[in-house]
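**Q** Below are the structure tokens for one structure; questions will follow.
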Amino acid sequence: LIYRSYDFWGQNLQLIDSLNDINDTIYYDSLKNTVATPSSYRIDFYNDSTGKRFLIGQPHVASSVYITAVPDDERLILHIAHSVPWINYRYDVFRQNPVTLSFDSIGSTEQMVYVDSGLVNGNTYCYKIRSVGHYLTGPFVSPLFNWSQEICSLPADTTAPCLPPVAVSSNCAAFVNTLRWYNANHYCAEDVIGYHVYYSPTNDSSFQLIATILNPNDTVYEHVNGSGLAGCYYVAAYDSFYNEKPVMTRYCVDECDYYELPNIFSPDGEGTNDYYRPGPYYNVEKVNMQIFNRWGKLVFQTDNPDIMWDGKDMDSKKPCTEGVYYYICDVYEKRLTGTEVRNLTGFIELVRIIKKVNN
């Protein structure tokens with residue numbers, strides 16, 4: 443009785459045929475897909491001569507030789523698999539000749555993997571493999587030959603180039619971050635055709651593609667970001683198959699300037715310095731500004747980052763007297779790590795210059 447299972451180990455054996463002549467030792471299992479899956483077989487021997495049917499012997503399951511091809515740059519990696527009760531000591535590799543269409547021997551290996559190198563990316567190559575083996579003991583035919591299925595594949599570059607190290611410098615006045623890196627073709631690759639530049643506004647947010655550089659010799663990029671300088675970058679080199687490595691190292695910079703408050707202003711209505719306001723700033727979401735007089739009374743508060751205090755008491759709407767005032771200000775700034783709150787405290791001197799001149 444002949445059983446077959448579509449795997450290496452006979453896990454789902456199904457009866458497919460039977461032979462009545464003990465001298466009939468060849469069986470052709472045809473019209474089956476040998477490419478999709480391997481096949482394993484078991485042949486059970488029964489006695490029928492006395493009219494009493496009983497099992498004489500049940501050998502080990504043996505599978506076909508099954509190969510898979512893994513594409514790589516200008517080569518194909520052939521992996522060999524099987525499950526048999528004998529020892530295979532050699533695998534002969536055959537590749538189809540594109541002219542004669544016959545399979546020519548191209549080499550042998552004792553390992554269960556064979557690398558066919560020097561190929562042309564994008565061309566189709568077809569293979570089959572013959573295993574050569576024997577039983578360790580017993581009166582068996584030796585050597586034993588078994589053929590794999592035929593398989594075709596195309597070599598392709600699937601290896602991504604290395605990631606070049608990146609240096610980032612900031613021009614605070616121009617709101618520009620300048621990225622510089624090494625040409626990957628000069629030290630760790632030879633097939634780079636360009637670079638992708640990625641940006642993340644914070645340390646833990648996802649990266650977005652902001653630039654594609656088509657010349658591998660162009661290794662400088664200026665990122666003009668009007669919303670601020672804080673952010674992280676990485677540069678990925680890519681090859682002609684657009685292979686590139688995922689982010690491994692972030693190159694980050696923080697903001698240059700902080701929110702700063704002056705210590706004097708003169709709300710005289712002459713059009714100069716009439717409002718208490720900070721110096722130039724950016725990336726401030728809001729503030730919590732509170733200004734107190736010398737007796738601890740709250741005379742002004744706002745969440746406007748520009749502050750714009752005109753020197754008047756917020757309750758009475760009357761001009762505050764000259765003197766020194768105390769402030770507490772929580773500043774909500776966009777930083778590399780996200781929005782951070784920074785606490786500022788200090789003194790403001792309120793002076794009225796026009797009044798002094800008239801006196």
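If you're matching positions, the sequence shown starts at 443 in the numbering used here and goes up one per residue. Glycine is no exception: its CB is placed at the ideal position from the N, C-alpha and C atoms. Because the structure is a prediction, the values reported are computed rather than measured.
Which residue marks the beginning of the beta strand (DSSP E) containing residue 589, and which one marks its end?
**A** Taken as a continuous stretch (DSSP letters only), the beta strand (DSSP E) holding residue 589 covers 586-589.
**Q** Which stretch, first to last residue, makes up the beta strand (DSSP E) that contains residue 459?
**A** Segment 456-459, the beta strand (DSSP E) holding residue 459.
**Q** Return the chain-ordered list of same chain residues with a C-beta closer than 6 Å to the C-beta of residue 454, the five sequence neighbours on each side being excluded.
**A** Closer than 6 Å at Cβ, skipping near neighbours: 447.
**Q** Should the stretch 531-551 be regarded as contacting the stretch 488-506, the criterion being three or more beta carbon pairs within less than 8 Å?
**A** no
**Q** Tell me, which residues are paired with residue 734 by DSSP?
**A** The partner list for residue 734 (beta bridge, DSSP) reads 740 and 768.
**Q** Return the CA-CA distance between residue 540 and residue 592, expressed in angstroms with no decimal places.
**A** 14 Å
**Q** To which residues of the same chain is residue 451 closer than 7 Å at the C-beta, ignoring the five residues directly before and after it?
**A** 482, 503 and 525
**Q** Can you tell me the Cα-Cα spacing of residue 692 and residue 676, whole angstroms?
**A** 6 Å
**Q** Helix, strand or coil for residue 524 per DSSP?
**A** coil
**Q** Quick one: complete alpha helix (DSSP H) runs, 4+ long, within the stretch 454-503?
**A** Listed in chain order, nothing qualifies, since the stretch 454-503 has no complete alpha helix (DSSP H) run of 4 or more residues.
**Q** If you measure between the beta carbons of residue 768 and residue 734, is that distance less than 8 Å?
**A** In this structure, residue 734 lies closer than 8 Å to residue 768 by Cβ.
**Q** Quick check: the stretch 776-784 against the stretch 738-750, are at least 3 beta-carbon pairs closer than 8 Å?
**A** Too few Cβ pairs lie closer than 8 Å, so no.
**Q** Take the Cβ of residue 682 as the centre, count every other Cβ of all protein chains shown within 10 Å, and call the residue buried at 16 or more, exposed below.
**A** exposed
**Q** What residue does the beta strand (DSSP E) around residue 576 start on, and which one ends it?
**A** 567-576
**Q** Cβ atoms of residue 794 and residue 716: under 8 Å apart, would you say?
**A** no
**Q** Who pairs with residue 653 in a beta bridge, going by DSSP?
**A** 639
**Q** Assign residue 667 to one of three DSSP states: helix, strand, or coil.
**A** Coil, per DSSP.
**Q** Tell me, which residues are paired with residue 445 by DSSP?
**A** 457 and 484, per the DSSP bridge assignment.
**Q** To the nearest angstrom, how far is the alpha carbon of residue 799 from that of residue 713?
**A** Low confidence applies here, because residue 799 scores a pLDDT of 44, under 50, leaving its location unreliable and the question unanswered by this model.
**Q** Over the uninterrupted beta strand (DSSP E) stretch that includes residue 689, give me the two end residues.
**A** No beta strand (DSSP E) contains residue 689, which DSSP labels as neither H nor E.
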